[in-house]
(Lines of atoms letter the chains of each structure in order from A and count residues from 1; the text may use other names and numbers.)
(Lines give C-alpha, C1' and ligand atoms only; values in the text may rest on other atoms or scores of the structure.)
Protein backbone atom coordinates (compact mmCIF):
# COMPACT_ATOMS: atom_id res chain seq x y z
CA UNK A 1 0.00 0.00 0.00
CA UNK A 2 1.32 3.44 -0.88
CA UNK A 3 2.19 5.87 1.87
CA UNK A 4 -0.40 8.38 0.65
CA UNK A 5 -3.14 5.72 0.91
CA UNK A 6 -2.02 4.79 4.42
CA UNK A 7 -2.04 8.46 5.47
CA UNK A 8 -5.51 8.91 4.00
CA UNK A 9 -6.78 5.93 5.99
CA UNK A 10 -5.17 7.29 9.15
CA UNK A 11 -6.91 10.63 8.64
CA UNK A 12 -10.25 8.81 8.63
CA UNK A 13 -9.41 7.39 12.06
CA UNK A 14 -8.59 10.72 13.69
CA UNK A 15 -12.05 11.43 15.14
CA UNK A 16 -12.07 7.99 16.76
CA UNK A 17 -8.49 8.15 17.99
CA UNK A 18 -8.57 11.79 19.01
CA UNK A 19 -5.75 12.81 21.32
CA UNK A 20 -7.95 15.46 22.88
CA UNK A 21 -11.59 15.90 23.74
CA UNK A 22 -11.50 19.09 21.67
CA UNK A 23 -10.72 17.20 18.44
CA UNK A 24 -13.98 15.23 18.55
CA UNK A 25 -16.97 15.97 16.32
CA UNK A 26 -20.41 14.61 17.27
CA UNK A 27 -24.09 15.28 16.50
CA UNK A 28 -26.20 17.32 18.89
CA UNK A 29 -29.76 16.41 19.89
CA UNK A 30 -31.07 18.40 16.90
CA UNK A 31 -28.90 16.42 14.47
CA UNK A 32 -26.42 19.26 13.85
CA UNK A 33 -22.68 18.71 13.86
CA UNK A 34 -21.09 19.82 17.10
CA UNK A 35 -17.35 20.30 17.41
CA UNK A 36 -16.22 19.80 20.96
CA UNK A 37 -13.50 22.40 20.46
CA UNK A 38 -16.23 24.90 21.41
CA UNK A 39 -15.56 23.74 24.98
CA UNK A 40 -11.86 24.72 24.96
CA UNK A 41 -11.10 26.50 28.20
CA UNK A 42 -14.16 25.01 29.92
CA UNK A 43 -14.55 22.14 32.33
CA UNK A 44 -17.10 19.62 31.04
CA UNK A 45 -18.98 16.89 32.89
CA UNK A 46 -20.04 14.28 30.33
CA UNK A 47 -22.92 12.06 31.47
CA UNK A 48 -24.74 9.28 29.63
CA UNK A 49 -28.36 10.02 30.46
CA UNK A 50 -31.68 8.16 30.27
CA UNK A 51 -35.33 9.11 30.74
CA UNK A 52 -36.65 6.01 32.50
CA UNK A 53 -33.85 5.00 34.85
CA UNK A 54 -33.76 5.02 38.62
CA UNK A 55 -30.96 7.58 38.29
CA UNK A 56 -32.97 9.89 35.97
CA UNK A 57 -33.70 12.33 38.85
CA UNK A 58 -29.96 13.15 38.73
CA UNK A 59 -30.91 15.40 35.80
CA UNK A 60 -32.17 17.88 38.41
CA UNK A 61 -28.78 18.00 40.15
CA UNK A 62 -26.93 18.10 36.84
CA UNK A 63 -28.93 21.21 36.00
CA UNK A 64 -28.10 22.65 39.45
CA UNK A 65 -24.39 22.14 38.70
CA UNK A 66 -24.86 23.79 35.32
CA UNK A 67 -26.60 26.78 36.86
CA UNK A 68 -24.14 27.18 39.73
CA UNK A 69 -20.89 26.92 37.74
CA UNK A 70 -21.72 27.94 34.15
CA UNK A 71 -20.44 31.50 34.53
CA UNK A 72 -17.14 30.14 35.83
CA UNK A 73 -16.48 28.13 32.66
CA UNK A 74 -18.33 24.86 33.22
CA UNK A 75 -20.92 22.86 31.33
CA UNK A 76 -22.66 19.53 31.60
CA UNK A 77 -22.86 17.56 28.34
CA UNK A 78 -25.73 15.05 28.33
CA UNK A 79 -25.45 11.98 26.12
CA UNK A 80 -28.66 9.94 25.79
CA UNK A 81 -28.17 6.21 25.38
CA UNK A 82 -30.67 3.37 25.16
CA UNK A 83 -28.13 0.62 25.89
CA UNK A 84 -29.09 -0.18 29.45
CA UNK A 85 -32.52 -1.73 29.88
CA UNK A 86 -33.84 0.30 26.94
CA UNK A 87 -34.45 3.14 29.38
CA UNK A 88 -34.33 5.86 26.72
CA UNK A 89 -36.99 4.77 24.23
CA UNK A 90 -37.66 8.30 22.93
CA UNK A 91 -36.21 9.66 19.73
CA UNK A 92 -33.90 12.68 20.03
CA UNK A 93 -36.71 15.24 19.99
CA UNK A 94 -38.67 13.27 22.59
CA UNK A 95 -35.61 13.10 24.84
CA UNK A 96 -34.94 16.82 24.44
CA UNK A 97 -38.55 17.66 25.35
CA UNK A 98 -38.46 15.29 28.33
CA UNK A 99 -35.27 16.86 29.71
CA UNK A 100 -36.51 20.41 29.22
CA UNK A 101 -40.08 19.95 30.47
CA UNK A 102 -39.47 17.64 33.43
CA UNK A 103 -36.06 18.91 34.62
CA UNK A 104 -35.63 22.35 32.97
CA UNK A 105 -32.38 21.15 31.41
CA UNK A 106 -30.57 23.85 29.46
CA UNK A 107 -27.15 22.20 29.12
CA UNK A 108 -26.13 20.77 25.73
CA UNK A 109 -27.39 17.34 24.72
CA UNK A 110 -25.95 15.07 22.06
CA UNK A 111 -27.97 12.77 19.85
CA UNK A 112 -28.78 9.34 21.22
CA UNK A 113 -26.01 6.85 20.56
CA UNK A 114 -23.90 3.97 21.78
CA UNK A 115 -21.39 4.32 24.61
CA UNK A 116 -20.02 0.75 24.37
CA UNK A 117 -19.09 -1.80 21.72
CA UNK A 118 -18.20 -1.59 18.04
CA UNK A 119 -20.67 1.24 17.42
CA UNK A 120 -19.42 3.30 20.36
CA UNK A 121 -19.52 6.99 19.55
CA UNK A 122 -16.14 8.75 19.18
CA UNK A 123 -16.63 10.68 22.43
CA UNK A 124 -16.84 7.46 24.46
CA UNK A 125 -13.93 5.91 22.60
CA UNK A 126 -11.92 8.86 23.88
CA UNK A 127 -13.39 8.88 27.39
CA UNK A 128 -12.54 5.21 27.93
CA UNK A 129 -9.05 5.49 26.47
CA UNK A 130 -6.99 6.04 29.62
CA UNK A 131 -5.78 3.49 32.14
CA UNK A 132 -7.93 5.11 34.83
CA UNK A 133 -11.11 5.26 32.71
CA UNK A 134 -10.73 2.28 30.36
CA UNK A 135 -13.64 0.15 31.53
CA UNK A 136 -16.85 -0.03 29.52
CA UNK A 137 -19.79 2.00 30.71
CA UNK A 138 -21.81 -0.22 33.06
CA UNK A 139 -25.06 1.73 33.33
CA UNK A 140 -26.74 5.10 32.80
CA UNK A 141 -25.42 8.26 34.48
CA UNK A 142 -21.71 7.42 34.51
CA UNK A 143 -19.86 10.73 34.74
CA UNK A 144 -16.56 11.89 33.23
CA UNK A 145 -14.98 15.24 33.97
CA UNK A 146 -12.85 16.78 31.24
CA UNK A 147 -10.52 19.66 32.05
CA UNK A 148 -10.07 22.96 30.26
CA UNK A 149 -7.22 21.39 28.29
CA UNK A 150 -9.39 18.52 27.01
CA UNK A 151 -7.84 15.87 29.22
CA UNK A 152 -9.88 13.49 31.36
CA UNK A 153 -9.74 14.43 35.03
CA UNK A 154 -11.88 11.70 36.60
CA UNK A 155 -14.72 9.23 36.25
CA UNK A 156 -17.60 8.46 38.62
CA UNK A 157 -20.13 5.65 38.79
CA UNK A 158 -23.88 6.09 38.35
CA UNK A 159 -24.33 5.96 42.10
CA UNK A 160 -22.25 9.11 42.65
CA UNK A 161 -24.64 12.03 42.63
CA UNK A 162 -23.77 15.13 40.61
CA UNK A 163 -23.68 17.32 43.75
CA UNK A 164 -21.42 14.90 45.67
CA UNK A 165 -18.37 16.41 47.33
CA UNK A 166 -16.14 14.24 45.16
CA UNK A 167 -17.48 15.82 41.97
CA UNK A 168 -17.80 19.39 43.29
CA UNK A 169 -14.27 19.38 44.79
CA UNK A 170 -12.79 18.12 41.51
CA UNK A 171 -14.84 20.68 39.58
CA UNK A 172 -13.88 23.62 41.78
CA UNK A 173 -10.20 22.67 41.59
CA UNK A 174 -10.41 22.37 37.78
CA UNK A 175 -12.08 25.77 37.43
CA UNK A 176 -9.19 27.57 39.21
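Numbering (my numbering), first residue to last: 397 to 572.
Note that CB positions come from ideal geometry on N, CA and C, so glycine has one too.
Annotation: the continuous alpha helix (DSSP H) that includes residue 457 extends over 454 to 465. Here the alpha carbons of residue 444 and residue 570 stand approximately 21 Å from one another. In this structure, residue 416 lies near residue 546, with their beta-carbon atoms less than 7 Å apart. Per DSSP, reduced to three states, the secondary structure at residue 558 is coil, with no helix or strand assignment. In chain order, 473 and 540 place their CB closer than 6 Å to the CB of residue 442, counting only its own chain and leaving out the 5 sequence neighbours on each side. Per DSSP, the unbroken beta strand (DSSP E) holding residue 550 starts and ends at 548 to 552.
Going by DSSP, residue 476 is part of the beta strand (DSSP E) stretching over 470 to 476.
CA-CA distance, residue 565 to residue 427, rounds to 34 Å.
For residue 539, no alpha helix (DSSP H) run applies; the uninterrupted beta strand (DSSP E) run containing it begins and ends at 539 to 542, by DSSP.
Bridge pairing for residue 444: 475 [DSSP]. For residue 429, no alpha helix (DSSP H) segment is defined; the enclosing uninterrupted segment is the beta strand (DSSP E) at 429 to 431.
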